[in-house]
């Protein structure tokens, strides 16, 4: 069984770049320093170390493409087969990454802004995906969820059946390729495309520490998580 990984880091980092006074800061979360290393390098390290992974493709924005290639050239990631440019939407970027992979049985799609992913999550996800061909990591919602219209609360949403989706999301190659080909619109969640073509998506346990770096506060949180894992 062969497994390819698409690590997505082609976004604009807009939420990271907005300062308190709504001006733009020269920040890009992909290459922000986290304990002396670029954020993206943590995802590369984990997938490189995972025995079930055969190949990795890194998808970057055009402005970061050269920087990413230099990082990969200087790193010790033997499984990274390519660095490619993403598209205008997440789905376009996923397709670019999949097209850069060798033919494989399963594809894992991971947010490069989730540096705290673990080998356990990756391996558990692959095991879960073998049943239906599609699996996503989820964590429970702890807070109460409200539905709003402008600044007015309209109702409280029952959270019994609600979860938060994480990455990596794992799919059989032919399923995700078909889902992208038949898509009617873009989405921020890859499994939504698979749902849309009638394929069953199973869930497996994610991890509260598998955070996505979105704001400057998240960098501090990721540092705490990694320090704790390393015993620093």
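Residue numbers (the numbering used here): 41 to 272. Where a beta carbon is used, it is the ideal one built from N, C-alpha and C, also for glycine.
Self-check item: Coil, strand or helix - residue 251 by DSSP
Solution: Start at 1 with the first residue of the chain shown, and residue 251 comes out as number 211. Note: residue 251 maps to coil in three-state DSSP.
Quiz item: Taking Cβ positions, are residue 152 and residue 49 nearer each other than 8 Å?
Solution: What you label residue 152 is simply residue 112 of the chain shown in a count that begins at 1. What you label residue 49 is simply residue 9 of the chain shown in a count that begins at 1. In this structure, residue 49 lies closer than 8 Å to residue 152 by Cβ.
Quiz item: Among 203, 184, 182 and 262, which has the Cα closest to the Cα of residue 176?
Solution: In the chain shown, the residue the question calls residue 176 occupies position 136. Nearest option by C-alpha distance: 203.
Quiz item: First and last residue of the beta strand (DSSP E) that includes residue 205?
Solution: In the chain shown, the residue the question calls residue 205 occupies position 165. It spans 203-205 - the beta strand (DSSP E) in which residue 205 sits, taken as one unbroken run.
Self-check item: Between the CA atoms of residue 211 and residue 231 - distance to the nearest angstrom
Solution: As a position in the chain shown, residue 231 is number 191, starting the count at 1. As a position in the chain shown, residue 211 is number 171, starting the count at 1. Distance between the alpha carbons of residue 231 and residue 211: 9 Å.
Quiz item: Mind pulling the beta strand (DSSP E) runs of 3 or more residues that sit fully within the stretch 180-241?
Solution: 185-189, 192-197, 203-205 and 209-212
Self-check item: Own chain, CB closer than 7 Å to residue 237, minus 5 neighbours either side, in chain order
Solution: Here residue 237 refers to the residue found at position 197 of the chain shown. Counting only Cβ-Cβ distances below 7 Å, and skipping sequence neighbours, we find 218, 219 and 222.
Quiz prompt | C-beta atoms of residue 111 and residue 140 nearer than 8 Å | solution = By 1-based counting over the chain shown, the position of residue 111 is 71. By 1-based counting over the chain shown, the position of residue 140 is 100. In this structure, residue 111 keeps its C-beta atom at 8 Å or more from the C-beta atom of residue 140.
Quiz prompt | Local conformation of residue 118 per DSSP, three classes | solution = For this step, residue 118 is matched to residue 78 along the chain shown. Here residue 118 sits in coil by DSSP.
Quiz item: Exposed or buried, residue 195, counting other C-beta atoms within 10 Å across all chains shown (16 or more means buried)?
Solution: By 1-based counting over the chain shown, the position of residue 195 is 155. Residue 195 comes out exposed.
Quiz prompt | Three-state secondary structure assigned by DSSP to residue 50 | solution = Taking the chain shown and counting its residues from 1, one reaches residue 50 at position 10. If DSSP states are grouped into helix, strand and coil, residue 50 belongs with coil.
Quiz prompt | Same chain, Cβ closer than 6 Å to residue 96, five either side skipped, listed in chain order | solution = Reading the chain shown from its first residue, position 56 is the one you call residue 96. Same-chain partners within the cutoff: 45, 87, 119 and 120.
Quiz item: By Cβ distance below 6 Å, which residues in the same chain neighbour residue 164 in space, the five residues on each side in sequence not counted?
Solution: Taking the chain shown and counting its residues from 1, one reaches residue 164 at position 124. Result list for residue 164: 244, in chain order.
Exercise. Go ahead and label residue 198 buried or exposed: buried means 16 or more other beta carbons lie within 10 angstroms of its beta carbon, across all protein chains shown.
Key: By 1-based counting over the chain shown, the position of residue 198 is 158. Residue 198 is exposed by the Cβ-count criterion.
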